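Only one structure is covered here, and it is reproduced in the block below.
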Amino acid sequence: MAIKKGLSILLSTLLVTGSLAARTCQQTPHQVTSLPFWDKSVPFPCQYAGTFPVAATADQHHLFYWLFKNVTLPDTTPVVLWMNGGPGSTSMFGLFLENGPLRVLQTGDDDYNVDLKPRSSWADVSDIIFLDQPAGVGFSYFDKQPCQLLECGAIEVVQLLTQIIGMYPEYKGRQLIISGESYAGKYVPHIAKKCQEEAAKNPDFFKLTSIILGDPLVNPIPQRLNRYKLAQGLGIIDKRHLNVISTLNRRCLEVASVNWLDGNDECSETIDYAIDVSGDTFSYDVSIFDPDWDATMHEDDVKHYITKSSKKGELYDAIHVSGSTKNPIFNWSSRPVADAYTPEEMSDWSLWYDLVAQPRNVSILIYAGEYDMLDGPLTHDPWIRLLKSVQSDNGALFDQPRKIFFVQNPVTQQYEVGGYYRSDESIKFTFFTVPKSGHFVPINEALSSMTFLNDLATQGKLVCHKPNAQDCDTGPIMCGFMDSCSGSGSCNFATGKCVCTDPEKYGPDCSESWIQLPLNTTYSLQGIAWLQFYYEPKQPNTNFEFVLSATNPMDIYINPGSKVETHEFNNTLEIKKQTRFVLRSTSLPGLTSFTASVRVNGANFYTNLYLPSKVLVNFKESLPSEITE
């Protein structure tokens, strides 16, 4: 489906007045027919809003939703459910500031302009529901107390969706995409699993096809331990700060090991430190500072429109929340909900992604803005690698080159880079890095986010949008830089890797030679040089002693196993700036075979001198009874 900027939602407004014949904007008790301060020159979109009673506990809860129906789309188009995170943050943030179709600009003390966003919104390619949950968030409310666990909240969302189907029968059996960001990294997979269970019992219920998570919090401890990496990479902190970072990360692990709840605050210290020493960098987008966000995003305009406008009563009537028992009726974030969910905040929720993935019929897309210091791309690798679903395919997700995701600018018609991704189609899992964006990707890269949503809705996966699909592949580019595998192999364009046909050659370009141990010799080298050793014992229980001596400092990198790709980016043990190195099997009894990559640093860059080096290699083997220390 061709995507044109702002087109679909505007067409849907024409259908409200009967100008075109397609799906209709039917009347229901929750239909929204006007909004205060609406720009009369802009057609009014088809929308519905209100609350439904839900109850996973003895207390009465009410969840608020705001639905935008795009009547230009086929009645088979998946419905998108969106929720913001927190825990306790309203999805009105998403509706008015991120991927929703509405915009609010404050033009005076008590004057506003409310209209459609001039840029793309997710409502252009789907019907979309913005949900305030758990009860107590935004316009949602509870009588006495909120849900105390994510399980409770997930059950109540399923109850709400069941009632939405009752009010809008056209959604019976409709495909559903559940999406959200930040703490929704816990909400969404839990809710998704409950939806799968409900659909198995109720054929009229939504059929889950995809979940989409933006900059999600999933496994808090490893994610928080890796937050400093972006700050270091961008120069926000430097090497001098790493001693402090190491101490803060150690405290995080120690405190969380003793008191799980206290670990939440302790593990946030790293990000607080980076913000403070940088002069108030905006942690959600480190390409800007806090005042930059406040000056450009109009967040206060939306807050004032909802809570301070002289016509807020008209707004509450229009979206059918006037009967709420909550005072005030709306909150931007809910402290009671945040407090109630605190016991689970530090828990790892990645199990729920595996549970959702088990049937192999649900696409999972994780996207992250490259400038997000909280939950950006560098924080996700650890927990994704541990997913059982990812491991079940032998890590194929990471054993492939990323693809470039191009989007077509609707104004210039030129193709622009919208992101980088890798997918494992056998497990339907995709990780997507979004350039020029922070935590709130739909704000920074609206077209990119709308395009990947449309891909999942229509194709079930991401596709190349350029006329030549090979333009999106980076495998051929990687092969092009590998010098035809140095004549010792062939390059696979699908993987971007050389397959070395010479058994004694290895490395990304098949240019490096293996040196088999045992060996006793001396190498004469010049400047910066590498030596690659491997050892595989001829019989079990063999002990060894591996000694290196050099006239210039060496950096040594070790991996278990013979002929394993080993270098500064891939190793389990590294020792740097040594002129003598000894490795004994008696010191590391589990290391029966190994690969050692040795860099000899025979250069003085300050004086532009490349120096000769001699490296003495001595290797001894013996049975356990023969070796002595």
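When you line the sequence shown up against mature numbering (1 follows the signal peptide of the UniProt record, and there is no 0), it's residues -21 to -1, 1 to 608, in that order. Cβ atoms here follow ideal geometry from the backbone N, Cα and C, with glycine treated the same way. Computed from a predicted model, the values in this text were never measured in an experiment.
So, under 8 angstroms CB-CB, residue i and residue j are touching, yes? Tell me the CB distance rounded to an integer number of Å.
i	j	result
residue 30	residue 119	7 angstroms
residue 262	residue 352	5 angstroms
residue 551	residue 574	Their Cβ separation, rounded to whole angstroms, is 10 angstroms, which puts residue 551 and residue 574 out of contact at 8 angstroms.
residue 215	residue 265	6 angstroms
residue 388	residue 507	So it is not a contact: roughly 45 angstroms between Cβ atoms.
residue 68	residue 469	Actually they are not in contact, since the Cβ atoms of residue 68 and residue 469 sit about 52 angstroms apart, beyond 8 angstroms.
residue 386	residue 416	Wrong, their Cβ atoms sit about 13 angstroms apart, outside the cutoff.
residue 65	residue 317	6 angstroms
residue 240	residue 315	Not really, about 17 angstroms apart at Cβ, beyond 8 angstroms.
residue 480	residue 467	6 angstroms
residue 403	residue 376	4 angstroms
residue 558	residue 528	7 angstroms
residue 101	residue 59	6 angstroms
Just mark residue i as buried or exposed, buried being the case when its beta carbon has 16 or more other beta carbons within 10 Å.
i	result
residue -11	Caution applies to residue -11, whose pLDDT of 40 falls short of 50 and renders its modelled position unreliable; the value that the coordinates give is listed next. Answer is buried; the Cβ neighbour count reaches 16.
residue 254	buried
residue 3	exposed
residue 460	exposed
residue 252	buried
residue 615	This structure cannot settle anything about residue 615, because the visible part of the chain is limited to -21 through 608.
residue 6	exposed
residue 449	exposed
residue 96	buried
residue 425	buried
residue 473	exposed
residue 70	buried
residue 433	buried
residue 374	exposed
Hey, how far is the Cα of residue i from the Cα of residue j?
i	j	result
residue 407	residue 238	37 angstroms
residue -6	residue 151	A caution first: residue -6 carries a pLDDT of 42, below 50, which makes its placement in the model unreliable, though a value can still be read off. Approximately 22 angstroms between the Cα atoms of the pair.
residue 63	residue 271	22 angstroms
residue 485	residue 457	16 angstroms
residue 114	residue 256	38 angstroms
residue 227	residue 234	10 angstroms
residue 381	residue 349	15 angstroms
residue 162	residue 503	57 angstroms
residue 280	residue 347	26 angstroms
residue 476	residue 369	21 angstroms
residue 328	residue 588	54 angstroms
residue 230	residue 158	34 angstroms
residue 138	residue 183	13 angstroms
residue 586	residue 360	40 angstroms
residue 419	residue 401	21 angstroms
residue 597	residue 421	59 angstroms
residue 130	residue 169	7 angstroms
residue 429	residue 309	28 angstroms
residue 22	residue 94	9 angstroms
residue 296	residue 27	12 angstroms
residue 500	residue 203	47 angstroms
residue 192	residue 134	20 angstroms
residue 33	residue 42	7 angstroms
residue -1	residue 148	Reliability fails at residue -1, whose pLDDT of 42 lies under 50, so the model's placement of it is uncertain and the value that follows must be treated cautiously. Taking the straight line joining both Cα atoms gives about 19 angstroms.
residue 293	residue 83	16 angstroms
residue 583	residue 445	48 angstroms
residue 372	residue 342	15 angstroms
According to DSSP, which residues form a beta bridge with residue i?
i	result
residue 3	Partner(s): none; residue 3 has no beta bridge.
residue 342	189
residue 106	58
residue 535	554 and 577
residue 282	Answer by DSSP bridge pairing: none, since residue 282 is not bridged.
residue 559	528
residue 583	588
residue 159	62 and 192
residue 41	32 and 120
residue 501	595
residue 434	Residue 434 is not bridged to any residue.
residue 484	492
residue 313	Residue 313 pairs with nothing; no bridge assigned.
residue 549	546
residue 17	93
task = Say whether the region 77 to 95 touches the region 403 to 418, bearing in mind that this needs 3 or more beta-carbon pairs closer than 8 angstroms, one atom from each stretch.
result = With the cut-off at 8 angstroms, the region 77 to 95 and the region 403 to 418 do not touch.
inquiry  = Quick check: the region 187 to 200 against the region 80 to 100, are at least 3 beta-carbon pairs closer than 8 angstroms?
reply    = Too few Cβ pairs lie closer than 8 angstroms, so no.
request  = Specify whether the region 101 to 108 and the region 42 to 49 touch according to this definition: at least 3 beta carbon pairs, one from each stretch, less than 8 angstroms apart.
outcome  = The region 101 to 108 vs the region 42 to 49: in contact.
key: Sufficient close CB pairs (3 or more, under 8 angstroms) joining the region 139 to 156 to the region 195 to 214   = Three or more beta-carbon pairs separated by less than 8 angstroms are not found between the region 139 to 156 and the region 195 to 214, which leaves the two stretches without contact.
query = Is it true that the region 283 to 292 meets the region 5 to 25, where meeting means three or more beta-carbon pairs spaced less than 8 angstroms apart?
reply = The region 283 to 292 vs the region 5 to 25: in contact.
inquiry  = Pairs of beta-carbons, one from the region 511 to 530 and one from the region 561 to 578, closer than 8 angstroms: are there three or more?
reply    = In short, these stretches touch, since the Cβ pair count reaches three.
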